[in-house]
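Written out below as structure tokens is the structure these notes cover.
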Amino acid sequence: MNLHLKVWRQKNAATKGALVSYEARNIPEDCSFLEMLDLVNEDLLSRGEEPIAFDHDCREGICGMCSLTINGIPHGTSDTTTCQLYMRKFKDGQTIYIEPFRASAFPLLRDLSVNRSAFDRIQQAGGFISAHVGAAPDGNAILVPKTDADHAMEAAACIGCGACAAACPNASAMLFVGAKVTHLASLPQGQPERERRALAMVRRMDAEGFGNCSNYLECEAVCPAEIPALVIGQLNRDYAHALVKESL
Amino acid sequence: MNLLIKLWRSSIGKKWLVALTGLALLGFVVAHLLGNLQMFSGAEKINAYAEFLKANEKPLWLARIGLLICFVTHILATLSLVRMNRAARPDAYALKRSVQAKISTRTMALSGLTVLSFVAFHLAHYTLRITDARFKVEAEGGLLTSAHDVYHMVIMGFQNPLISSFYILSVGLLSLHLSHGISSVFQTLGLETKKSAIWMPKAATLIALLLFTGYASIPAAVLSGLLK
Ligand code: HEM
Ligand code: SF4
Ligand code: FES
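Read top to bottom, the protein sequences are chains L and F.
Each residue of the first sequence is one higher than the one before, counting from 108 in the working numbering.
Each residue of the second sequence is one higher than the one before, counting from 33 in the working numbering.
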């Protein structure tokens with residue numbers, strides 16, 4: 108298949124970027140979106156031009172490294188990562204806009220590649236359990252009700268890709284932070300540091316320059332891990348609870 | 033005090049302030065409508081109600097000051113949030129599509145600011161009575177038999193189609209604001225559940241529609257001659 112691409116090219120954060128048109132020719136339908144870009148890059152290299160920089164790693168939908176806002180939607184569809192998006196989802200001759208994830212907290216590195224370390228710093232601020240828990244415990248040594256386990260598992264599915272912040276009109280990271288907070292708050296091991304965690308992660312989130320939730324629910328719609336927006340409600344509640352306790 | 037400062041200084045804290053003041057304002061909007069609907073029970077009923085309110089000076093002023101604090105806090109907090117949220121996305125996408133965001137959600141600042149200009153006019157119009165020379169007692173050159181003759185003041189006011197349409201448009205935008213706001217409050221306060229997340233937006237829209245119908249019915253009834 109042949110495609111008209113409009114790709115965001117930008118040397119670095121200090122220079123101005125622009126959309127540049129490319130023709131992608133003879134792309135097999137069974138290519139993933141990233142493989143399509145690989146083919147375009149080979150073509151660019153053979154002509155002595157700079158290849159397009161984009162992020163990728165596992166290419167199997169688990170690491171969260173691939174990004175891209177494709178035709179106005181992060182990851183292009185509402186149910187996968189970009190590496191799991193196949194060209195058969197597009198029509199022959201279609202025009203495809205490819206832009207980086209845009210948020211002031213995700214500074215642009217080059218072309219389509221952005222620095223998402225802000226998420227790591229939020230995680231490092233409190234998204235963990237300090238006590239050494241050792242090897243996997245014996246089954247049923249710590250009793251966790253099934254509903255709580257399911258709740259934790261659902262939130263733990265977050266791969267930290269940043270699509271939520273990229274899709275949000277406010278560039279809010281609250282689906283991500285909500286997922287991390289809900290994951291540990293649903294388990295007994297997460298209780299001792301529950302309040303400290305919520306306070307520290309939200310403060311880091313604010314300091315990184317993310318926006319905050321106006322309940323557009325765009326994040327939920329694009330999240331490849333299907334994290335429900337309910338985790339944002341849990342974050343709101345846990346944070347307020349911790350703030351009140353801290354102030355009294 | 034410490035808590036208030038901390039709430040103001042954090043994004044989620046500010047959202048709580050918006051939600052709590054929004055709820056208080058919603059309480060007023062509902063109570064005000066119930067009071068106003070007495071227009072349909074005749075002049076005596078609503079005029080007696082106006083007199084009753086004015087006779088209880090202390091609680092009246094307490095409520096007014098409380099509402100003013102909520103109103104100002106709500107506006108300052110939302111405008112501050114809007115500013116933070118704009119700063120978080122300095123470079124716009126060349127092409128952006130939204131998947132499921134609703135119109136009401138995307139126009140909160142716009143609908144809110146229209147409500148603000150409406151409230152300013154509404155207070156000048158029927159509370160301070162400075163926009164219309166007829167809204168004075170006869171002794172002062174006006175057309176009202178007494179200062180509590182709210183009934184005839186409202187009739188005269190709404191007989192002007194321009195003013196009536198502005199009122200109807202404004203309560204329409206207030207309802208749009210609330211159709212998002214009412215369901216949003218439950219999410220901000222962390223009260224949403226898997227089930228309520230499904231029916232809450234519908235319930236919020238229904239409540240907003242009821243409020244609109246109630247408020248718009250008064251100018252509409254005057255314009256159509258039903259109330260005179
Ligand atoms: C007069 C000027 C007003 C302005 C400028 C304004 C602005 C806003 C904005 C921008 C939001 C969205 C905040 C966000 O989620 O990021 C909001 C939310 C809300 N507003 Fe207003 N508003 C106004 C008046 C009112 C009034 C009169 C009421 C009630 C009758 C009200 C009730 C609410 C509610 C319930 C919310 C939802 C809070 C939440 O998301 O938890 N607002 N307002
Ligand atoms: S919540 Fe979803 S969209 Fe956001 S970072 Fe996690 S996996 Fe990605
Ligand atoms: S490259 Fe790892 S999830 Fe896409």
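The C-beta atom is built at its ideal place from N, Cα and C for all residues, glycine as well.
Residue i classed as buried or exposed, judged by whether at least 16 other C-beta atoms fall within 10 angstroms
| i | result |
| --- | --- |
| E206/L | buried |
| M33/F | exposed |
| A314/L | exposed |
| S216/F | buried |
| C165/L | exposed |
| W48/F | buried |
| Q298/L | exposed |
| K234/F | exposed |
| N117/F | buried |
| L210/F | buried |
| V215/L | Val is not the amino acid found at residue 215/L; the sequence shown has Leu there. So L215/L ends up on the buried side. |
| N322/L | buried |
| R223/L | buried |
| P91/F | exposed |
| Q341/L | buried |
| V151/F | exposed |
| L250/F | Inspection of the sequence shows that residue 250/F is occupied by Ile rather than by Leu. Per the 10 Å Cβ criterion, buried. |
| I249/L | exposed |
| R304/L | buried |
Chain L residues whose Cβ lies nearer than 7 Å to that of residue i
| i | result |
| --- | --- |
| W40/F | Correct list: empty, because the minimum Cβ distance to chain L is about 11 Å. |
| D123/F | R209 |
| L108/F | Those within 7 Å of L108/F in chain L number zero; the least Cβ separation is about 16 Å. |
| S216/F | N322 |
Beta-carbon gap between residue i and residue j smaller than 8 Å
| i | j | result |
| --- | --- | --- |
| T184/L | L175/L | no |
| L176/F | H184/F | yes |
| L126/L | K113/L | yes |
| A210/L | F317/L | yes |
| C320/L | S279/L | yes |
| S136/F | L208/F | yes |
| S139/L | Y193/L | yes |
| M140/F | L259/F | no |
| H182/L | A262/L | no |
| R121/F | N277/L | yes |
| F218/F | M232/F | yes |
| A273/L | S220/L | no |
| A242/L | V131/F | no |
| A259/L | H290/L | yes |
Chain-ordered chain F contacts of residue i [CB-CB under 9 Å]
| i | result |
| --- | --- |
| R344/L | L221, G222, L223 |
| G318/L | S43, L113, M116, N117, R118, A119, A120, R121 |
| A212/L | A120 |
Residue i to residue j span [Cα, whole Å]
| i | j | result |
| --- | --- | --- |
| A124/F | R116/L | 15 Å |
| A225/L | S43/F | 17 Å |
| L205/F | P158/L | 50 Å |
| H269/F | L99/F | Residue 269/F lies beyond the range of chain F shown here (33 to 260); nothing can be said about it. |
| F208/L | G267/L | 13 Å |
| T202/L | R195/L | 14 Å |
| Y199/F | F190/F | 9 Å |
| D199/L | T237/F | 42 Å |
| L306/L | K287/L | 13 Å |
| E325/L | A80/F | 50 Å |
| N109/L | D145/L | 15 Å |
| R228/L | M281/L | 14 Å |
| E300/L | L241/F | 44 Å |
| I334/L | M188/F | 55 Å |
| V203/F | Y247/F | 7 Å |
| A347/L | A212/L | 24 Å |
| T220/F | I214/F | 10 Å |
Any chain C beta carbon closer than 8 Å to residue i
| i | result |
| --- | --- |
| D164/F | This model lacks chain C altogether; the protein chains it does include are L and F. |
Listed by chain order, chain F residues near residue i by CB distance under 8 Å
| i | result |
| --- | --- |
| D313/L | S42, S43 |
| T122/L | Those within 8 Å of T122/L in chain F number zero; the least Cβ separation is about 13 Å. |
| S354/L | N34, L35, K38 |
Contacts of residue i in chain L (Cβ-Cβ under 9 Å)
| i | result |
| --- | --- |
| S207/F | Those do not exist, as S207/F stays about 17 Å from chain L at its closest Cβ, beyond 9 Å. |
| R115/F | Within 9 Å Cβ-Cβ: nothing; R115/F doesn't reach chain L, min ~10 Å. |
| K227/F | Ordered by position in chain L, no residue passes the 9 Å Cβ test against K227/F, which lies about 11 Å from the chain. |
Chain F residues whose Cβ lies nearer than 7 Å to that of residue i
| i | result |
| --- | --- |
| I180/L | R129, V131 |
| T176/L | Y125 |
| A278/L | A120, R121 |
Heavy atom of the ligand NAP within 7 Å of residue i beta-carbon
| i | result |
| --- | --- |
| I236/L | What this structure holds is the ligand HEM, the ligand SF4 and the ligand FES, not the ligand NAP. |
- Can you list, in chain order, the residues of the segment 45-71 of chain F whose Cβ is nearer than 7 Å to any Cβ on chain L? G45, K47, W48
- Message: Give me the subset of the segment 167-192 of chain F whose CB atoms are less than 9 Å from a CB atom of chain L, sorted by chain position.
- Response: none
- Of all the residues that make up the segment 125-141 of chain L, which are near chain F by a beta-carbon distance shorter than 7 Å? L126
- Item | Interface positions of the segment 327-352 of chain L facing chain F (Cβ-Cβ less than 9 Å), listed along the chain | E327, A328, V329, P335, A336, L337, I339, G340, Q341, L342, N343, R344, D345, Y346, A347, H348, L350, V351
- Item | Selection of the segment 235-250 of chain L by Cβ proximity to chain F, strictly under 8 Å | none
- Message: Can you pull out the residues from the segment 186-208 of chain L whose beta carbon lies closer than 8 Å to at least one beta carbon of chain F?
- Response: Y204, E206
- Message: Under 8 Å, CB to CB, which of the residues in the segment 136-156 of chain F have a partner in chain L?
- Response: T137, R138, M140
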